[in-house]
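Asks: Residue numbers for the sequence shown, in our numbering: 6 to 263.
Quick reminder that beta carbons are idealized off the backbone N, C-alpha and C, glycines included.
Once you've had a glance at the structure underneath, I'll fire off some questions.
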Amino acid sequence: MINDTYFISTLFGGVVLFMYQAITISFYNSQIAVNFDNNNSFFFQTALLLSKYNLPDIFDKNTPIPSKLSWKKLVKTEISSFWALRLKEEALQMSSLKFLNLNFSIAESTNPVLDSVGQNMIEIRKATTKVRMLTGTYMVQADKHKFSQYTIDPTCLLCHREIEDILHVLTTCPVLCSERKEYFTPIKQLVTENSPPGTWKLLFKNKLAVTQLVLDCTKYIKQLEFKEELILKLETLTRHFCFKLHYQRLSILKKLDG
Numbered sequence: 006m007i008n009d010t011y012f013i014s015t016l017f018g019g020v021v022l023f024m025y026q027a028i029t030i031s032f033y034n035s036q037i038a039v040n041f042d043n044n045n046s047f048f049f050q051t052a053l054l055l056s057k058y059n060l061p062d063i064f065d066k067n068t069p070i071p072s073k074l075s076w077k078k079l080v081k082t083e084i085s086s087f088w089a090l091r092l093k094e095e096a097l098q099m100s101s102l103k104f105l106n107l108n109f110s111i112a113e114s115t116n117p118v119l120d121s122v123g124q125n126m127i128e129i130r131k132a133t134t135k136v137r138m139l140t141g142t143y144m145v146q147a148d149k150h151k152f153s154q155y156t157i158d159p160t161c162l163l164c165h166r167e168i169e170d171i172l173h174v175l176t177t178c179p180v181l182c183s184e185r186k187e188y189f190t191p192i193k194q195l196v197t198e199n200s201p202p203g204t205w206k207l208l209f210k211n212k213l214a215v216t217q218l219v220l221d222c223t224k225y226i227k228q229l230e231f232k233e234e235l236i237l238k239l240e241t242l243t244r245h246f247c248f249k250l251h252y253q254r255l256s257i258l259k260k261l262d263g
């Protein structure tokens with residue numbers, strides 16, 4: 006995507022303007038006539054890119070050549086739209102991304118889970134753990150069961166009560182109860198104190214909704230009526246919550262293995 010944007014807007018745009026301004030139109034047209042059917046030529050490859058991103062066919066004599074500034078703006082808009090749609094379509098097919106809010110601007114904006122981190126290495130480490138949980142790459146027993154062709158027991162090794170998936174880790178496992186209560190309380194307090202009355206009971210009445218809030222709160226931005234500052238505060242709290250549960254779970258598993 007970045008290479009396409011650079012090529013079409015900067016390199017190609019500059020070449021086209023140069024050809025029209027410094028060389029003759031007849032030379033430009035002759036190059037198209039000679040090389041347009043050559044799959045490896047500059048003109049053919051550029052035509053493919055223009056078509057791919059639904060950009061104007063500037064090889065058409067009737068197409069007006071845009072200014073450099075307007076061309077760059079158009080290219081950025083069309084390429085961003087193309088990849089936003091492509092990424093969303095692909096993500097919808099991945100069950101591992103079920104908690105990722107696909108209506109968020111995934112092509113141009115950074116998810117708040119990363120925006121709220123800064124350059125602190127400890128916070129980056131915490132964010133990495135949360136991103137793994139959000140994208141389905143955090144390994145729990147249910148994943149091991151699936152990847153082992155169902156030979157590994159999916160039951161939680163901490164409580165031995167039910168299948169361990171990410172929802173179980175974040176909201177259910179009784180062994181992690183004390184850590185969960187300690188670090189989830191500030192999350193609930195922030196939401197209840199800064200959102201319309203009754204919002205918590207309305208939106209977060211089940212564990213699936215709570216898990217969604219913890220992993221990607223952007224799905225509830227409109228209902229919560231949170232501005233950027235509160236979103237970043239919420240992300241900081243949920244990042245801390247995820248890491249604390251992860252750390253405690255990992256510590257217990259190491260003791261069991263030891």
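1. Apart from the five residues just before and just after Ile129, which ones in its own chain have a Cβ nearer than 6 Å to its Cβ?
2. Give the single residue among Leu107, Ser85, Thr82, Ile84 whose Cα lies nearest to the Cα of Glu94.
3. Taking only three categories from DSSP, how would you classify Thr160?
4. Please say whether Thr160 and Gln146 have beta carbons closer to each other than 8 Å?
5. Please check the pair Cys247 and Val219, which I expect to be a contact at CB under 8 Å, by giving their CB distance rounded to whole angstroms.
6. According to the neighbour-count rule (16 or more other Cβ atoms, all chains shown, within 10 Å of its Cβ), is Glu169 buried or exposed?
7. Take every Cβ of the region 148 to 156, pair it with every Cβ of the region 222 to 234, and state whether three or more of those distances are shorter than 8 Å.
8. Look at the alpha carbon of Leu181 and the alpha carbon of Arg91, and state the distance between them as a whole number of angstroms.
9. Leaving out the 5 sequence neighbours to the left and right, which residues in its chain are closer than 7 Å to Thr119 when beta-carbon positions are compared?
10. Answer with buried or exposed for Gln154, where buried requires no fewer than 16 other C-beta atoms within 10 angstroms of its C-beta.
11. Let me know if Pro117 comes out buried or exposed under the rule of 16 or more other beta-carbons within 10 Å of its beta-carbon.
12. Please report the distance separating the alpha-carbon of Leu208 from that of Leu53.
13. Would you mind giving the Cβ-Cβ distance between Asp262 and Phe104, rounded to the nearest angstrom? I have them listed as a contact below 8 Å.
14. Quick one: what does DSSP say Ile28 is sitting in, helix, strand or coil?
15. Buried or exposed: where does Met144 fall if 16 or more other Cβ atoms within 10 Å of its Cβ makes it buried?
16. Report the three-state DSSP secondary structure of Ile168 (helix, strand or coil).
17. In angstroms, rounded to a whole number, what distance separates the CA positions of Leu237 and Leu97?
18. Are there 16 or more other CB atoms within 10 angstroms of the CB of Glu234, so buried, or fewer, so exposed?
19. Got a sec? Which residues, its chain only, sit under 8 Å from Glu167 by beta carbon, not counting five neighbours each side?
20. Look at Phe231 and Leu239 and say whether their C-beta atoms are less than 8 Å apart.
21. So, with DSSP's three-state summary, where would you put Tyr155?
Replies: Let's see:
1. So the list reads Val122, once near-sequence residues are dropped.
2. From the listed residues Leu107, Ser85, Thr82, Ile84, the smallest Cα separation to Glu94 is found for Leu107.
3. Three-state DSSP puts Thr160 in a strand.
4. Their beta carbons are under 8 Å apart, which means Gln146 touches Thr160 by this criterion.
5. Going by Cβ atoms, the distance from Cys247 to Val219 rounds to 7 Å, so yes, they are a contact pair.
6. Buried is the call here.
7. The region 148 to 156 vs the region 222 to 234: no contact.
8. Each residue's Cα considered, the two are about 39 Å apart.
9. The sequence shown places Leu at residue 119, rather than the Thr named in the question. If the five residues before and after Leu119 are omitted, its C-beta is found closer than 7 Å to the C-beta atoms of Ala132, all from its own chain and listed in chain order.
10. Looking at its Cβ environment, which holds fewer than 16 other Cβ atoms inside 10 Å, Gln154 is exposed.
11. Buried: at least 16 other Cβ atoms inside 10 Å.
12. Leu208 and Leu53: Cα-Cα distance of roughly 47 Å.
13. Wrong, their Cβ atoms sit about 28 Å apart, outside the cutoff.
14. Only weak support exists for where Ile28 lies, its pLDDT of 46 falling under 50; the value from the coordinates is given anyway. Here Ile28 sits in coil by DSSP.
15. Burial call: exposed.
16. In the three-state DSSP reduction, Ile168 falls in the strand class (E or B).
17. Inter-residue distance for Leu237 and Leu97 is about 26 Å (C-alpha atoms, whole angstroms).
18. Classification of Glu234: exposed, given that the 10 Å Cβ count is below 16.
19. Same-chain partners within the cutoff: Thr160, Cys161, His173, Thr177.
20. Taking the C-beta atoms as reference points, Leu239 is found nearer than 8 Å to Phe231.
21. Note: Tyr155 maps to coil in three-state DSSP.
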